[in-house]
Amino acid sequence: SKINRLCHLARHSKVTVAVDNPKNIADLSAAAQATGVIINALVDLNTGLDRCGVEPGQPAIDLAKEITRAPGLHFAGLMTYEGTILREDYQDLVSESRKAVQLVLDTREALEKEGLEAEAVSVGGTHNYEIVGAMEGITEVQVGSYPLMDYSYCQYRTNFRPAAKVLATVVSRPTEGSAVVDAGHKTIGPDKGLPVLDGVPGARLTRVSAEHGVIELEGEAQTHLDVGTKVWLVPWNLELCVNQYNYFHAIRGGKLDAVWEIAARGRSD
134 SKINRLCHLA
144 RHSKVTVAVD
154 NPKNIADLSA
164 AAQATGVIIN
174 ALVDLNTGLD
184 RCGVEPGQPA
194 IDLAKEITRA
204 PGLHFAGLMT
214 YEGTILREDY
224 QDLVSESRKA
234 VQLVLDTREA
244 LEKEGLEAEA
254 VSVGGTHNYE
264 IVGAMEGITE
274 VQVGSYPLMD
284 YSYCQYRTNF
294 RPAAKVLATV
304 VSRPTEGSAV
314 VDAGHKTIGP
324 DKGLPVLDGV
334 PGARLTRVSA
344 EHGVIELEGE
354 AQTHLDVGTK
364 VWLVPWNLEL
374 CVNQYNYFHA
384 IRGGKLDAVW
394 EIAARGRSD
């Protein structure tokens, strides 16, 4: 099972998991005891995403107490992911982010009154990293896409430019106003939005299939994209795209500077 694999990993690395269910705590505890390891457990709080997580306050406190009673587990703290808070208005983003995270901080304070210490308080995301990171008591910010960014986040965080791009090649020019590239869902992932062409004014990706992307061309773009032309595509959603590849090719000053392995690629097995 995944829990057994997790416990074997804990023999070599510090492992921390999020829990929101007594059954999960019991299963983790049994496996940890059988393997002879200690697993760090964070209580996952639901602060508005309505995905995983227990309610802040007493439900979270009760779960934390269960962890402290479970052999093989160590209560490490609290976490939440308030990923639905995306606001074009920055002040709205600040207000809503602080409101969600305050629920976690209030729960931590209540835990301390009952003699339980939350060593870690893990919150936030790429969309509000500096807002929640500045709040007193936060120990970790979950900034998954922050290092490279993607097109969707750059719509809200306009002070960033996406660094991750996919290199594609024009393989067909079926009409004067269209081109086809060798980049579809197998290349960019099952994206939540269409990639955007970088540095080609008048060219817009309009649809993708498994292995192809269709580009609509206007103006000068109709004469610039011959068969064989290389184009850069900025992924809409970085995490779904990165999972398609084994390596990042890091470019500095127009030259290949490094090759970085994507170690977690495809690790859903």
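Numbering-wise (my numbering), the sequence shown opens with residue 134 and increments by one. Glycine included, every Cβ here is placed at the ideal spot set by N, Cα and C. In this text the structure is predicted, and so the values were computed from the model without any measurement.
By the neighbour-count criterion, in which a residue is buried when 16 or more other Cβ atoms sit within 10 angstroms of its Cβ, H141 is exposed. Between the region 316-323 and the region 360-379, the count of C-beta pairs closer than 8 Å reaches three or more; the two stretches touch. Of the candidates G248, V333 and E263, the residue whose Cα lies closest to the Cα of S228 is E263.
Around the beta carbon of Y380, fewer than 16 other beta carbons sit within 10 angstroms, so the residue counts as exposed. DSSP, read as helix, strand or coil, puts R231 in helix.
When N261, L281, L219 and K363 are compared, the shortest CA-CA separation from A301 is found for K363. Contact between I136 and L206 is ruled out by a C-beta separation of about 12 Å, above the 8 Å threshold.
Out of V314, E221 and S342, the CA that lies nearest to the CA of S285 is found in E221.
The region 268-275 makes contact with the region 250-259: 3 or more CB pairs, one atom from each, lie closer than 8 Å. Runs of beta strand (DSSP E) with 3 or more residues, each lying fully within the region 167-219, are found at 172-178 and 206-213, listed in chain order. Runs of the alpha helix (DSSP H) spanning 4 or more residues and lying entirely within the region 356-384 occur at 371-375, in chain order. In this structure, D283 is the residue among K156, N173 and D283 with its C-alpha nearest to the C-alpha of V375. Under DSSP, T272 takes part in no beta bridge, so it has no partner.
Straight through space, the alpha carbons of M212 and L226 are spaced by roughly 19 Å. A residue is called buried when at least 16 other Cβ atoms come within 10 angstroms of its Cβ; T217 does not meet this threshold and is exposed. Following the DSSP letters along the chain, one finds L338 inside the beta strand (DSSP E) bounded by residues A336 to V341. Contact check for A316 against V341 passes: the beta carbons are separated by less than 9 Å.
P307 sits in a strand when the DSSP states are folded into three classes.
Take the alpha-carbon of V265 and the one of S278: they are about 16 Å apart.
A383 and S146 have their C-alpha atoms some 28 Å from each other.
Its Cα nearest to that of P155, the residue V176 stands out among T259, A165, C287 and V176. Between A165 and A209, the C-beta spacing is not below 9 Å. Put simply, of G346, R144, K232 and L358 the residue whose alpha carbon is nearest the alpha carbon of T168 is R144.
Going by DSSP, I348 is part of the beta strand (DSSP E) stretching over G346 to L350. Residue state for D315 is assigned as coil, using DSSP reduced to three classes.
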